[in-house]
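Asker: Sequences listed follow chains P and U, in order.
Per full-length UniProt numbering, the very first residue in the first sequence carries number 1; after that it's consecutive.
Per full-length UniProt numbering, the very first residue in the second sequence carries number 1; after that it's consecutive.
This is the structure I have questions about; it appears just below.
There are 2 protein chains.
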Amino acid sequence: MDVKLSAGSTLFIEGDKADHLYNISHGCIRIHKLLPDGRRQVIGFLTTGDFLGFAVRDGYAYSAEAVTNTKLCGFSRVKLEHLLQAFPAMEKRLLGIAANELAVAQDQMLLLGRKTAAERLASFLIAFSDRLLKADLPISPIVLPMARSDISDYLGLTNETISRTFTRFRKLGLIELNNAETIYIRDMKRLRRVAGGEEP
Amino acid sequence: MDVKLSAGSTLFIEGDKADHLYNISHGCIRIHKLLPDGRRQVIGFLTTGDFLGFAVRDGYAYSAEAVTNTKLCGFSRVKLEHLLQAFPAMEKRLLGIAANELAVAQDQMLLLGRKTAAERLASFLIAFSDRLLKADLPISPIVLPMARSDISDYLGLTNETISRTFTRFRKLGLIELNNAETIYIRDMKRLRRVAGGEEP
DNA sequence: CGCGCGGTTGACCCTAATCAAAACTGGTGG
DNA sequence: CCACCAGTTTTGATTAGGGTCAACCGCGCG
């Protein structure tokens, strides 16, 4: 079943009954968790081809919102159950996807627990660039669909720190910015070293 | 195939060829990632019954070391493949386990990205307590098998901060410590509120 | 007994957060 | 077309939470 979301709108929120699994046909979705006082952690950004809505218990563990206009393909949980019955090979594929998500999540733990602001932002840019490359999309410039506040909540920082770090990178000749969304990577090698924590 | 590890010894390190999946028969395993300069992020602590060694690519994504003397049951990847062929239901179980791990990892992202030191330590104690409860083990006192440095690297903090926060909790009457390992929770309700970010 | 290691405590520092304001940006309507 | 406004981004000044460095404590072990 197809779902269309316009930028900024909500697909579901944390705790909603998790009756669907979605696959993104086109667009960008942001998933996040909130603390009672409003502090937000963005868990990830999902794009074309990504799955969304794995849930262990009966409720979603996070909220999902559209960053850009997005089209999704939704499978009801019961229908999915039948589908898996019919194509057991799919289960293996889902397991592979979940294991991959897990590895990504663990990388993000390293980032959030131990990396500096510069290392976090560099890692983010590198990951974004690698994702473009793997999707056979043009890799330069990088056009960020999400706001600074989304990036900061993803990296465990504030808007101000993101902004300052961007200008620092600019002054170091690592990147170039036209406007806030459009980024040219000028020194990929050094940016990678920063992302890996090998360079101050 | 059974494996015995004595406290402190290494099961595998990040990048090793991931040819086995393990199930912990008894003991406690710590998994972690390192940055080139030695900064460490502990990804998790695994105990009796937990699985260990899901790997997407051909290498493990983290290192695994024994916290206490540990006994594990190891399945070679090929044998596992056969096992899954024979018992397809097992795949569904593995998927469930992976999805659960993913949810735990996402909670940890919220913790690492947005929680204060006090909230992190409280969350850790609550999670430990809940795990004891779920395993039908005595819940008081909590006996921590791991060192302060393990806890700090798990929570993205330093030993000193962990230590200071323990004494703060002690002074607030939230917990009581006999020695460094043995902890009595004295005000579970407030500790839970701190863990959830609802109390300063 | 004394050594060593892990843990605690103290003094000070630094990174990133907070608070505040200016610069842009895009959209609306006169 | 341009002035205005609201929201986002950038920049600046100051603060604070947790890190770093160092001393001290306490316990187990050779």
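Glycine included, every Cβ here is placed at the ideal spot set by N, Cα and C.
Helix, strand or coil, according to DSSP, for leucine 52 of chain P in the structure here?
Answerer: Counting from 1 along the first sequence, the entry for residue 52 of chain P is found at position 52. Three-state result, leucine 52 of chain P: strand.
Asker: Would you say proline 200 of chain P reaches chain U, if we count a Cβ-Cβ gap shorter than 7 Å as a contact?
Answerer: The count along the first sequence starts at 1 and reaches residue 200 of chain P at position 200. For proline 200 of chain P, the answer is no, since every Cβ of chain U falls outside 7 Å of its Cβ.
Asker: In the DSSP assignment, what are the bridge partners of lysine 71 of chain P?
Answerer: In the first sequence, residue 71 of chain P corresponds to position 71, counting from 1. In the DSSP output, where bridge partners are listed per residue, lysine 71 of chain P has P:Lys4, P:His26.
Asker: Look up lysine 21 of chain P in the DSSP assignment and say whether it is helix, strand or coil.
Answerer: The count along the first sequence starts at 1 and reaches residue 21 of chain P at position 21. Reading the sequence as shown, one finds leucine at residue 21 of chain P and not lysine. Strand at leucine 21 of chain P.
Asker: By the criterion of Cβ-Cβ separation under 8 Å, what are the contact partners of alanine 99 of chain P in chain U?
Answerer: The residue given as residue 99 of chain P occupies position 99 in the first sequence. Neighbours of alanine 99 of chain P on chain U, chain order: Phe54, Ala55, Val56, Ala98.
Asker: With a Cβ-Cβ cutoff of 7 Å, do methionine 1 of chain U and glycine 53 of chain U count as a contact?
Answerer: As a working note, residue 1 of chain U is residue 1 in the second sequence. As a working note, residue 53 of chain U is residue 53 in the second sequence. No, these two residues do not count as a Cβ contact at 7 Å.
Asker: Counting only the same chain and skipping the five closest in sequence on each side, list residues whose C-beta sits under 7 Å from that of proline 141 of chain U.
Answerer: Along the second sequence, read from residue 1 onward, the residue named residue 141 of chain U stands at position 141. Thr182, Ile183, Tyr184.
Asker: Tell me which same chain residues have a C-beta within less than 7 Å of the C-beta of leucine 157 of chain U, skipping the five on either side of it?
Answerer: On the second sequence, residue 157 of chain U is found 157 positions in, with the first residue counted as 1. The answer, listed in chain order, is Ala117, Arg120.
Asker: Give the straight-line distance between the Cα atoms of valine 78 of chain P and glycine 59 of chain P, rounded to the nearest whole angstrom.
Answerer: One-based indexing of the first sequence puts residue 78 of chain P at position 78. One-based indexing of the first sequence puts residue 59 of chain P at position 59. If you take the alpha carbons of valine 78 of chain P and glycine 59 of chain P, they lie about 15 Å apart.
Asker: Is there at least one Cβ from chain P nearer than 7 Å to methionine 1 of chain U's Cβ?
Answerer: Here residue 1 of chain U refers to the residue found at position 1 of the second sequence. No - not a single Cβ of chain P is within 7 Å of the one on methionine 1 of chain U.
Asker: Determine, for glutamine 41 of chain P, whether the minimum Cβ-Cβ distance to residues of chain U falls below 7 Å.
Answerer: As a working note, residue 41 of chain P is residue 41 in the first sequence. It does: the Cβ of glutamine 41 of chain P has a partner Cβ on chain U nearer than 7 Å.
Asker: Pull up the CB-CB distance for valine 67 of chain U and aspartate 16 of chain U, whole angstroms please, since I reckon it's below 8 Å.
Answerer: Looking up residue 67 of chain U in the second sequence gives position 67. Looking up residue 16 of chain U in the second sequence gives position 16. The pair is not a contact, with the Cβ atoms about 19 Å apart (cut-off 8 Å).
Asker: From histidine 26 of chain U to alanine 89 of chain P, what distance separates their C-alpha atoms?
Answerer: Mapped onto the second sequence, residue 26 of chain U falls at position 26. Mapped onto the first sequence, residue 89 of chain P falls at position 89. Answer to the nearest angstrom: the Cα atoms are 33 Å apart.
Asker: Exposed or buried, which one is glycine 44 of chain P when buried takes at least 16 other CB atoms within 10 Å?
Answerer: Here residue 44 of chain P corresponds to residue number 44 of the first sequence, with the count starting at 1. Under this definition glycine 44 of chain P is a buried residue.
Asker: Nearest to lysine 189 of chain U by alpha carbon, out of U:Leu95, U:Met146, U:Asn159, U:Gly173?
Answerer: What you label residue 189 of chain U is simply residue 189 of the second sequence in a count that begins at 1. Ranking the options by Cα distance to lysine 189 of chain U, first place goes to U:Gly173.
Asker: With distance defined between alpha-carbon atoms, name the residue in U:His82, U:Pro36, U:Asn159, U:Asp187 nearest to phenylalanine 169 of chain U.
Answerer: Counted from its first residue, the second sequence places residue 169 of chain U at position 169. Selected option, being the one with the closest Cα: U:Asp187.
Asker: Compare the beta carbon distance of isoleucine 29 of chain P and alanine 64 of chain P with 7 Å and say whether it is the shorter of the two.
Answerer: Locating residue 29 of chain P in the first sequence gives position 29, where the first residue counts as 1. Locating residue 64 of chain P in the first sequence gives position 64, where the first residue counts as 1. Yes. Within cutoff.
Asker: For methionine 188 of chain U and chain P, any beta-carbon pair shorter than 7 Å?
Answerer: Counted from its first residue, the second sequence places residue 188 of chain U at position 188. No, no contact with chain P.
Asker: Taking residue 226 of chain P and asparagine 69 of chain P to be in contact with their CB atoms under 8 Å, please state how far apart those CB atoms are, rounded to whole angstroms.
Answerer: Lying outside 1 to 200, the shown extent of chain P, residue 226 of chain P is not represented and no answer is given.
Asker: Taking DSSP as the reference, what is the three-state secondary structure of glycine 173 of chain P?
Answerer: Position 173 of the first sequence, counting from 1, holds the residue named residue 173 of chain P. The answer is coil: DSSP assigns glycine 173 of chain P none of H, G, I, E or B.
Asker: Just the chain P side, please: which residues come within less than 7 Å of tyrosine 62 of chain U by C-beta, in chain order?
Answerer: The count along the second sequence starts at 1 and reaches residue 62 of chain U at position 62. The contacting residues are Gln106.
Asker: Rounding to the nearest angstrom, what Cα-Cα distance links alanine 180 of chain U and arginine 164 of chain U in this structure?
Answerer: As a first step, residue 180 of chain U is located in the second sequence; it is residue number 180 there, counting from the start. As a first step, residue 164 of chain U is located in the second sequence; it is residue number 164 there, counting from the start. The straight-line gap from Cα to Cα measures roughly 12 Å.
Asker: Of the residues U:Thr10, U:Thr47, U:Ser9, U:Ala86, which one's Cα is nearest the Cα of alanine 134 of chain U?
Answerer: Walking along the second sequence from the start, residue 134 of chain U turns up at place 134. Per the sequence presented here, residue 134 of chain U reads as lysine, with alanine not at that position. Closest by alpha carbon: U:Thr47.
Asker: Pick helix, strand or coil for serine 63 of chain P, following the three-state DSSP scheme.
Answerer: In the first sequence, residue 63 of chain P corresponds to position 63, counting from 1. Correct three-state label for serine 63 of chain P: strand.
Asker: Taking just the CA atoms, how far does alanine 98 of chain P sit from leucine 102 of chain U?
Answerer: Numbered from 1 along the second sequence, position 102 holds the residue referred to as residue 102 of chain U. Numbered from 1 along the first sequence, position 98 holds the residue referred to as residue 98 of chain P. The alpha-carbon atoms of leucine 102 of chain U and alanine 98 of chain P are separated by roughly 8 Å.
Asker: Let me know the secondary structure DSSP gives threonine 167 of chain U once reduced to three states.
Answerer: Within the second sequence, numbered from 1, the residue matching residue 167 of chain U stands at position 167. DSSP places threonine 167 of chain U in helix when its eight states are reduced to three.
Asker: Would you grab the beta carbon distance between glutamate 91 of chain U and glutamate 91 of chain P for me? Rounded to a whole angstrom, and I think it's under 8 Å.
Answerer: By 1-based counting over the second sequence, the position of residue 91 of chain U is 91. By 1-based counting over the first sequence, the position of residue 91 of chain P is 91. Indeed, because the Cβ distance is near 5 Å, the residues count as touching under 8 Å.
Asker: State the Cα-Cα distance for the pair leucine 125 of chain U and threonine 167 of chain U, rounded to the nearest angstrom.
Answerer: In the second sequence, counting from the first residue as 1, residue 125 of chain U sits at position 125. In the second sequence, counting from the first residue as 1, residue 167 of chain U sits at position 167. C-alpha separation (whole angstroms): 14 Å.
Asker: For arginine 123 of chain P, does the three-state DSSP call read helix, strand or coil?
Answerer: Numbered from its first residue, the first sequence carries residue 123 of chain P at position 123. Per the sequence shown, residue 123 of chain P should be read as serine rather than arginine. Three-state DSSP puts serine 123 of chain P in a helix.
Asker: Could you compute how far the alpha carbon of phenylalanine 87 of chain U sits from the alpha carbon of tyrosine 62 of chain P?
Answerer: By one-based count along the second sequence, residue 87 of chain U stands at place 87. By one-based count along the first sequence, residue 62 of chain P stands at place 62. In a straight line, the C-alpha of phenylalanine 87 of chain U is about 32 Å away from that of tyrosine 62 of chain P.
Asker: Please list the terminal residues of the continuous alpha helix (DSSP H) segment that includes arginine 114 of chain U.
Answerer: Reading the second sequence from its first residue, position 114 is the one you call residue 114 of chain U. 89-114 is the span of the alpha helix (DSSP H), which, as asked, contains arginine 114 of chain U.
Asker: Mapping DSSP to helix, strand and coil, what is serine 140 of chain U?
Answerer: Position 140 of the second sequence, counted from the first residue, corresponds to residue 140 of chain U. Serine 140 of chain U falls in the coil class under three-state DSSP.
Asker: Relative to chain U, which residues along the region 22-38 of chain P have a C-beta separation below 8 Å, given in chain order?
Answerer: Flagged, chain order: Lys33, Leu35, Pro36, Asp37.
Asker: Work out the CA separation of leucine 111 of chain U and isoleucine 31 of chain U for me, nearest whole Å.
Answerer: Position 31 of the second sequence holds residue 31 of chain U. Position 111 of the second sequence holds residue 111 of chain U. Isoleucine 31 of chain U and leucine 111 of chain U: Cα-Cα distance of roughly 18 Å.
Asker: Note the first and the last residue of the continuous alpha helix (DSSP H) segment covering arginine 40 of chain P.
Answerer: Here the question's residue 40 of chain P lines up with position 40 in the first sequence. Unbroken run through arginine 40 of chain P is the beta strand (DSSP E), 40-47; no alpha helix (DSSP H).
Asker: What do you get for lysine 115 of chain P, buried or exposed, if any count of 16 or more other CB atoms within 10 angstroms of its CB means buried?
Answerer: Start at 1 with the first residue of the first sequence, and residue 115 of chain P comes out as number 115. Lysine 115 of chain P comes out buried.
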